[in-house]
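**Student:**
There are 4 protein chains.
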Amino acid sequence: MTADPVAPRHVLAHLGPHAILTPTIDETLAYFVDLLGMDIVHESDDGYYLRAFGDYERWSLHLIRADRAGLGYASWRMVSPEALDERVQWLEANGYGGHWTEPELGIGRFYEFLDPDGHAFRLYYDTERYVAPEDKRPVIPTNFQSYVGRGANVRHVDHLNLLARDVRACREFWEAGFGLRTYEIIRLPDESEAGAWMSSSIQGHELIYTQEKTSGSGRLHHFAYLVDTREEVLRAAEIFTDARIYIEAGPSRHTAIQGFYLYTREPGGNRIEVANGGYLVFAPDPKPYIWTAAEWAKKPGWGAPIPPEFHIYGTPVVDE
Amino acid sequence: MTADPVAPRHVLAHLGPHAILTPTIDETLAYFVDLLGMDIVHESDDGYYLRAFGDYERWSLHLIRADRAGLGYASWRMVSPEALDERVQWLEANGYGGHWTEPELGIGRFYEFLDPDGHAFRLYYDTERYVAPEDKRPVIPTNFQSYVGRGANVRHVDHLNLLARDVRACREFWEAGFGLRTYEIIRLPDESEAGAWMSSSIQGHELIYTQEKTSGSGRLHHFAYLVDTREEVLRAAEIFTDARIYIEAGPSRHTAIQGFYLYTREPGGNRIEVANGGYLVFAPDPKPYIWTAAEWAKKPGWGAPIPPEFHIYGTPVVDE
Amino acid sequence: MTADPVAPRHVLAHLGPHAILTPTIDETLAYFVDLLGMDIVHESDDGYYLRAFGDYERWSLHLIRADRAGLGYASWRMVSPEALDERVQWLEANGYGGHWTEPELGIGRFYEFLDPDGHAFRLYYDTERYVAPEDKRPVIPTNFQSYVGRGANVRHVDHLNLLARDVRACREFWEAGFGLRTYEIIRLPDESEAGAWMSSSIQGHELIYTQEKTSGSGRLHHFAYLVDTREEVLRAAEIFTDARIYIEAGPSRHTAIQGFYLYTREPGGNRIEVANGGYLVFAPDPKPYIWTAAEWAKKPGWGAPIPPEFHIYGTPVVDE
Amino acid sequence: MTADPVAPRHVLAHLGPHAILTPTIDETLAYFVDLLGMDIVHESDDGYYLRAFGDYERWSLHLIRADRAGLGYASWRMVSPEALDERVQWLEANGYGGHWTEPELGIGRFYEFLDPDGHAFRLYYDTERYVAPEDKRPVIPTNFQSYVGRGANVRHVDHLNLLARDVRACREFWEAGFGLRTYEIIRLPDESEAGAWMSSSIQGHELIYTQEKTSGSGRLHHFAYLVDTREEVLRAAEIFTDARIYIEAGPSRHTAIQGFYLYTREPGGNRIEVANGGYLVFAPDPKPYIWTAAEWAKKPGWGAPIPPEFHIYGTPVVDE
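Residue numbers (the numbering used here), protein chains in the order written: chain U, 11 to 330; chain R, 11 to 330; chain S, 11 to 330; chain E, 11 to 330.
#1: Determine whether the beta carbon atoms of Ala-142 (chain S) and Glu-194 (chain S) lie at a separation below 8 Å.
#2: Can you check the region 259-287 of chain S for any beta strand (DSSP E) of at least 3 residues that lies completely inside it and give the ranges in chain order?
#3: Measuring only between beta-carbons, confirm whether Gly-189 (chain U) sits less than 8 Å from chain R.
#4: May I ask you to report which of helix, strand or coil DSSP gives Tyr-41 (chain E)?
#5: Identify the contact partners of Pro-113 (chain E) in chain U, using a Cβ-Cβ distance below 8 Å as the criterion.
#6: Please report whether the beta-carbon of Val-89 (chain R) lies at a distance below 8 Å from any beta-carbon of chain S.
#7: Decide if Trp-110 (chain R) is buried, meaning its Cβ has at least 16 other Cβ atoms within 10 Å, or exposed.
#8: Is Ser-225 (chain S) buried or exposed, if buried means 16 or more other CB atoms sit within 10 Å of its CB?
#9: Exposed or buried, which one is Glu-248 (chain R) when buried takes at least 16 other CB atoms within 10 Å?
#10: Whole angstroms is fine: what's the gap from Leu-71 (chain R)'s alpha carbon to Leu-45 (chain R)'s?
#11: Less than 8 Å separating the beta-carbons of Arg-97 (chain E) and Phe-188 (chain E)?
#12: Looking at chain E, which residues of the region 209-224 of chain U have a Cβ within less than 7 Å of any of its Cβ atoms?
#13: Taking the alpha-carbon of Phe-233 (chain S) as reference, which of S:Ile-117, S:Thr-325, S:Tyr-135 has the nearest alpha-carbon?
#14: Reducing DSSP to helix, strand and coil, say where Asp-154 (chain U) ends up.
#15: Can you list, in chain order, the residues of its chain with a C-beta nearer than 7 Å to that of Phe-183 (chain R)? Leave out the 5 residues immediately preceding and following it.
#16: Measuring CA to CA, which of S:Phe-250, S:His-231, S:Ser-262 is closest to Tyr-83 (chain S)?
#17: Helix, strand or coil for Ile-35 (chain U)? Go by DSSP, reduced to three states.
#18: What distance in whole Å lies between the Cβ atoms of Gly-313 (chain U) and Arg-263 (chain U), which are believed to be in contact at a cut-off of 8 Å?
#19: Rounded to whole angstroms, what's the CA-CA distance from Leu-115 (chain R) to Asp-56 (chain R)? Just pull it up for me.
#20: Going by beta carbon distance, what residues of the same chain come within less than 7 Å of Phe-292 (chain R), once the five residues before and after it are set aside?
#21: Would you report the Cα separation of Tyr-66 (chain R) and Leu-39 (chain R), rounded to the nearest angstrom?
#22: Mind checking Thr-302 (chain E): buried by the 16 CB within 10 Å criterion, or exposed?
#23: Taking the alpha-carbon of Leu-101 (chain E) as reference, which of E:Ser-90, E:Phe-131, E:Leu-73, E:Arg-87 has the nearest alpha-carbon?
#24: Tell me the DSSP secondary structure of Thr-239 (chain U) in three-state form.
#25: Quick check: Ser-85 (chain S) and Phe-120 (chain S), are their CB atoms within less than 8 Å of each other?
#26: Give the secondary structure of Asp-14 (chain R) by DSSP, where H, G and I count as helix, E and B as strand, and everything else as coil.
#27: Does Pro-15 (chain S) get closer than 8 Å to chain R when you measure Cβ to Cβ?
#28: Would you say Gln-99 (chain U) reaches chain E, if we count a Cβ-Cβ gap shorter than 8 Å as a contact?
#29: Would you identify the three-state DSSP class for Asp-55 (chain R), choosing helix, strand or coil?
#30: Consult DSSP for Glu-203 (chain S) and reduce its assignment to one of helix, strand or coil.
#31: Does the region 303-310 of chain S touch the region 252-259 of chain S, meaning 3 or more C-beta pairs lie closer than 8 Å?
#32: From this set, S:Pro-315, S:Gly-278, S:Val-284, which residue's C-alpha is nearest Tyr-271 (chain S)'s C-alpha?
#33: Report the option in E:Phe-250, E:Glu-276, E:Trp-207 whose CA atom is closest to the CA atom of Gly-269 (chain E).
#34: Buried or exposed: where does Asp-168 (chain R) fall if 16 or more other Cβ atoms within 10 Å of its Cβ makes it buried?
#35: Which runs of the beta strand (DSSP E) fall wholly inside the region 81-168 of chain U and span at least 3 residues, in chain order?
#36: Measuring alpha carbon to alpha carbon, tell me which residue in E:Trp-69, E:Thr-220, E:Tyr-299, E:Tyr-273 is nearest Pro-113 (chain E).
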């Protein structure tokens, strides 16, 4: 990749709206609305636009009717219009050129491109601050809308985990081009990597890549939605249980980043996490912790065993 | 009161269904269903029958349309038909005779009478174990219905606080006639009592009497509904805030019994608590802790100040 | 067993002091004091007497120096001296006669006998209410001592799980002789039982028997200590992890009784649980839920997988 | 202030070590060690250096023996040596020049200067990553030391509140010179400000100024230490209560930033908060919410009343 005259450290502000493909749009919608507690903002020809009560932007999730489950796209809001332009130039100069797409419901325009594993990402700066309608106006004016208190009651998206055939290439792409900081890496004996946890902020993870073990590419491992407390993760387990939603793992605690997790599959097949916690990194000059395969295999610290499918399953589902 | 040949220690099993009067039946219903998370079991000519997800009986709350707010009745389930008959005899022998009422929706028949301050109470034994319809069947068969996860998500009624002009007389009535154990008393210099916390079980409070400071009688101070954690009490505060429900006090912690509380008024005016915790009493021979007025005034331990209205307001509202 | 003219329903008040044998008395003491947060009341020739901050009695745990780990004894406080005498008569009339032992540090005298699987139990009524020394006097006078806030911060013992070669015989022994209520049973195709959860109160479990799968008898599965919240169970996992204490299972949630658990082994080898929650049973006439083996094998509801050793390991450790 | 050619947005990394003056060094030390759960790193001629278990640096608090309570200094770690040099130049060019001080126990050298109200601040970049001794080595290598689990169990400092005669001047100083973002302001009718909540990161508050209502200057309102959950704030209230520490306010929830709080005074008189939560700000272009005095007076949302002394008391204590 070309050397970059401008240090890209502070160019990404936060994860923005994302799109999820589902073959069962009605059931998937019910999962996000009734069980996660999100609200419908708009019904479109191809699906629905949703928001969570902690989103400052107008919407954050586009559910798209499709033949099979998978990632539509992920996105980042940039810190400024200049940062957006510069990063687009960098992408185009480095063989990752994409295209601009029109604004959608107050957010965008977007520049869409593919990461090294073929996942679609969008960059944007322009957005619209959500103004709640009268019946959802919050009492405290620094909130964006009234508290939901329905189902798992998710506040906003927390992080994103993608599968990649070359985790290291993906990590280096985001570090070099966008200044993401990497907090943990699993390094295998052949110097390839089994996982990388990256963030644009003090939060321990925003974007994770873990090893793709099938012939697929561009696959989604999971989106994680934040709840305010570990207690709400435990409550979510009750809610999913009685709603007959498949719980793949948790509630328990991860070793990497130390977040508290609960993994389900929404009815369309995409893995969705309800998450709380994970450490914060305050140091301005952190070094990633590099796990050897042997050390990682021991999984120090408490936490339930993770089922083998957790390391294989992704969407779209592929023959191995 | 007449001496009782049979020790009445284990005659009350638990608080049963209660009725609340409200002048705003629609808004009150919405409060209990949308904000507390209860379900409608039946609509009747005079109002609604509701249940909470942790009730093993078919229903637990009767909302009754009325001119003004107040207590309809409270009730106790007896441990056996024999205990019911014996206690009715005791009531009738001691000047508290009432009358039998017909079964309602699977619970009863009831014997209804008035306590020394004029609050209606019902005793019953016959009841119907709730069988959830297909869409509310719980996954774990020891649960009574599926988890609700809506609003404050109350599990069942926890305790009941009545105002009484003669707290001591009320306390002695329940001790002598029904074997309630008293865990805490506030005793004033004139030997009258400002409060008494009583229970039929190891839980620190089921029935509380506190001093009536107006000319009223038979008034309700509050019903408390249990949530599973203190975190859920804090969540409830968010829910009530944005629903524009008046919060009178809390979330905070009481000195007596040490429960964590949040007091609101349902739209009809009745005070409703969302509660968690309070100590358990395992000793088979406990002595009540007797607070002097001076000691009580200091309110040892942490906890927010209680507003003066908490000690005056009850339903029905009366001129002082 | 002989028919009993007096219904034994309310004869046991609560689990009382217990004794645990350990081959590593110093390390075991450090586990209970530094990690669980208990206090030493007395050092004796054979070990130590400890208390938890929520105990109303003077002490609740006797750690005894021994060749190998295991149960010293469990105990029950009786509701009255009369109940104690009657139940001793019943034991002696039914072939379970034992002997009286002297008071220890303000509790007892005790009647000690063996349950059908050979576990030592003690019954007693006389006890001494703990009076905290000046430096542990609580601010709220209804507490027994000041709050500890050290390590896992256990409040008191919650329940006891014993292994038994004939679970059914043990269950029937306690039901017939002491009126324990059974809330859940796992029934095998041959009518034998793999587990029984019993209680003297509204709490879902005080005494559990599960199947002994080795040639041993009289073995301890675990003692469980209560913490106030699920959050404290999660905190305890951090504490045990960094103290290099073996965590066998959890934190997670059980299907039976639905308590939140964390299982460790104290350094002497006895399994100790840190527990919170579990349902309450208010009905005066509950029927046990009877799991078939097939239904139990599915383990409905959320919760981490239990490792196989959980069903085998007990103390003393025996060759299978 | 001079216009600044380099945008100072990302120059402060996080709050660093601070010093607190106390006239009761032994009791203050016991407060921080036994009740907050901090560890002593070093005893010096003038007092003690302490750390919390979540600090990545070697120490974070210097307790200094003094005639009266108050702030020694607060500090910021800079993102780079260059940022440190540039900001020192800016200070000197704008009349806030100070002096360099020698490194202390692995941190520094420091540049010390006074903010517009006369509070001492230090800037530094050089630091030493803490290496735990053998007996405090954590099991998970991304932790800095083993989990403490003692007392309130604070993880690290969360934010700092200073009193200022001219809040607005202080706010503008940090915005112009150091790029702090301001998330909330209370603006009075005369355009002066009663409070300003600022941060260098997505966390809602790191540095707060509120109105000095006495003749004092350079006074400390409080330091806040983070605990992991609201439950731990509630536990801390138990701990402080039985330790006879004065609780000024809470546990409850603030309207500004919405953090959960508990305010005590350490024995030397400085106000210390145990805190959890508060919103995060992800937008790269946030506008501060500006409260009018009238709107602020209503304090929308739940939360206990704050006592009047909260708005007056600071250290050092001054005659009004």
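Think of the CB as a built atom: it goes at the ideal place given N, C-alpha and C, for glycine as much as any other residue.
**Tutor:** Taking the coordinates as given:
#1: Taking the first residue of the third sequence as 1, we reach residue 142 (chain S) at position 132. Taking the first residue of the third sequence as 1, we reach residue 194 (chain S) at position 184. In this structure, Ala-142 (chain S) lies away from Glu-194 (chain S), with their beta-carbon atoms at least 8 Å apart.
#2: Counting whole runs of 3 or more residues, the region 259-287 of chain S contains the beta strand (DSSP E) stretches 269-275, 281-287.
#3: Within the first sequence, residue 189 (chain U) is the residue found at index 179, counting from 1. It does not: the Cβ of Gly-189 (chain U) has no partner Cβ on chain R nearer than 8 Å.
#4: On the fourth sequence, position 31 is the one that residue 41 (chain E) refers to. Collapsing the DSSP output to three states places Tyr-41 (chain E) in a helix.
#5: Residue mapping note: residue 113 (chain E) aligns to position 103 of the fourth sequence, counting from 1. Under the 8 Å cutoff, chain U gives no residues; its nearest Cβ is about 17 Å from Pro-113 (chain E).
#6: On the second sequence, residue 89 (chain R) is found 79 positions in, with the first residue counted as 1. Cβ-Cβ to chain S under 8 Å: yes for Val-89 (chain R).
#7: The residue given as residue 110 (chain R) occupies position 100 in the second sequence. Looking at its Cβ environment, which holds fewer than 16 other Cβ atoms inside 10 Å, Trp-110 (chain R) is exposed.
#8: The residue you call residue 225 (chain S) lines up with position 215 of the third sequence. Counting the other Cβ atoms within 10 Å of the Cβ of Ser-225 (chain S) gives fewer than 16, which makes it exposed.
#9: Translated into positions along the second sequence, residue 248 (chain R) becomes position 238. Label assigned to Glu-248 (chain R): buried.
#10: Within the second sequence, numbered from 1, the residue matching residue 71 (chain R) stands at position 61. Within the second sequence, numbered from 1, the residue matching residue 45 (chain R) stands at position 35. For Leu-71 (chain R) and Leu-45 (chain R), the distance between alpha carbons rounds to 15 Å.
#11: Here residue 97 (chain E) is taken as the residue at index 87 of the fourth sequence, counted from 1. Here residue 188 (chain E) is taken as the residue at index 178 of the fourth sequence, counted from 1. The answer is yes: Cβ separation under 8 Å.
#12: Within the region 209-224 of chain U, the residues whose Cβ lies closer than 7 Å to any Cβ of chain E are, in chain order, Ser-211, Ile-212.
#13: Locating residue 233 (chain S) in the third sequence gives position 223, counting from the first residue. For Phe-233 (chain S), the nearest C-alpha among the options comes from S:Thr-325.
#14: The residue labelled residue 154 (chain U) in the question sits at position 144 within the first sequence. According to the sequence as given, residue 154 (chain U) is Phe; it is not Asp. Annotated three-state conformation of Phe-154 (chain U) is coil, per DSSP.
#15: As a working note, residue 183 (chain R) is residue 173 in the second sequence. Result list for Phe-183 (chain R): Asp-125, Pro-126, in chain order.
#16: Numbered from its first residue, the third sequence carries residue 83 (chain S) at position 73. The closest CA to that of Tyr-83 (chain S), considering only S:Phe-250, S:His-231, S:Ser-262, is found on S:His-231.
#17: To locate residue 35 (chain U), count along the first sequence from 1; it is residue 25. Residue state, collapsed to three classes: helix.
#18: What you label residue 263 (chain U) is simply residue 253 of the first sequence in a count that begins at 1. What you label residue 313 (chain U) is simply residue 303 of the first sequence in a count that begins at 1. Correct: roughly 5 Å between the Cβ atoms.
#19: As a first step, residue 115 (chain R) is located in the second sequence; it is residue number 105 there, counting from the start. As a first step, residue 56 (chain R) is located in the second sequence; it is residue number 46 there, counting from the start. Roughly 14 Å separates the two Cα atoms.
#20: For this step, residue 292 (chain R) is matched to residue 282 along the second sequence. Hits under 7 Å: Ile-212.
#21: In the second sequence, residue 66 (chain R) corresponds to position 56, counting from 1. In the second sequence, residue 39 (chain R) corresponds to position 29, counting from 1. Across the structure, Tyr-66 (chain R) and Leu-39 (chain R) are spaced so that their CA atoms are roughly 21 Å apart.
#22: Along the fourth sequence, one-based indexing puts residue 302 (chain E) at 292. Exposed, since its Cβ has fewer than 16 Cβ neighbours within 10 Å.
#23: Start at 1 with the first residue of the fourth sequence, and residue 101 (chain E) comes out as number 91. Out of E:Ser-90, E:Phe-131, E:Leu-73, E:Arg-87, E:Phe-131 has the C-alpha closest to the C-alpha of Leu-101 (chain E).
#24: Working through the first sequence from its first residue, we reach residue 239 (chain U) at position 229. Note: Thr-239 (chain U) maps to coil in three-state DSSP.
#25: On the third sequence, position 75 is the one that residue 85 (chain S) refers to. On the third sequence, position 110 is the one that residue 120 (chain S) refers to. Closer than 8 Å, so yes.
#26: Counted from its first residue, the second sequence places residue 14 (chain R) at position 4. Residue placement at Asp-14 (chain R) is poorly supported in this model, since its pLDDT is 49, which falls under 50; the coordinates still yield a value, given next. Asp-14 (chain R) falls in the coil class under three-state DSSP.
#27: As a working note, residue 15 (chain S) is residue 5 in the third sequence. Only weak support is given to the placement of Pro-15 (chain S): the predicted model assigns it a pLDDT of 44, under 50, and the value that follows is read from those uncertain coordinates. With respect to chain R, the C-beta atom of Pro-15 (chain S) has no partner C-beta closer than 8 Å.
#28: By one-based count along the first sequence, residue 99 (chain U) stands at place 89. For Gln-99 (chain U), the nearest beta carbon of chain E is not closer than 8 Å to its own beta carbon.
#29: Here the question's residue 55 (chain R) lines up with position 45 in the second sequence. It is coil, neither helix nor strand.
#30: Position 193 of the third sequence, counted from the first residue, corresponds to residue 203 (chain S). Here Glu-203 (chain S) sits in strand by DSSP.
#31: The answer is no - the region 303-310 of chain S does not touch the region 252-259 of chain S, with fewer than three Cβ pairs under 8 Å.
#32: Position 261 of the third sequence, counted from the start, is the residue given in the question as residue 271 (chain S). Minimum Cα-Cα distance from Tyr-271 (chain S) among the listed residues S:Pro-315, S:Gly-278, S:Val-284 corresponds to S:Val-284.
#33: Taking the fourth sequence and counting its residues from 1, one reaches residue 269 (chain E) at position 259. Of the candidates E:Phe-250, E:Glu-276, E:Trp-207, the one whose C-alpha sits nearest the C-alpha of Gly-269 (chain E) is E:Trp-207.
#34: Reading the second sequence from its first residue, position 158 is the one you call residue 168 (chain R). Result: buried.
#35: Listed in chain order, they are 109-111, 120-124, 130-134.
#36: Locating residue 113 (chain E) in the fourth sequence gives position 103, counting from the first residue. Across the set E:Trp-69, E:Thr-220, E:Tyr-299, E:Tyr-273, the C-alpha of E:Trp-69 shows the shortest separation from the C-alpha of Pro-113 (chain E).
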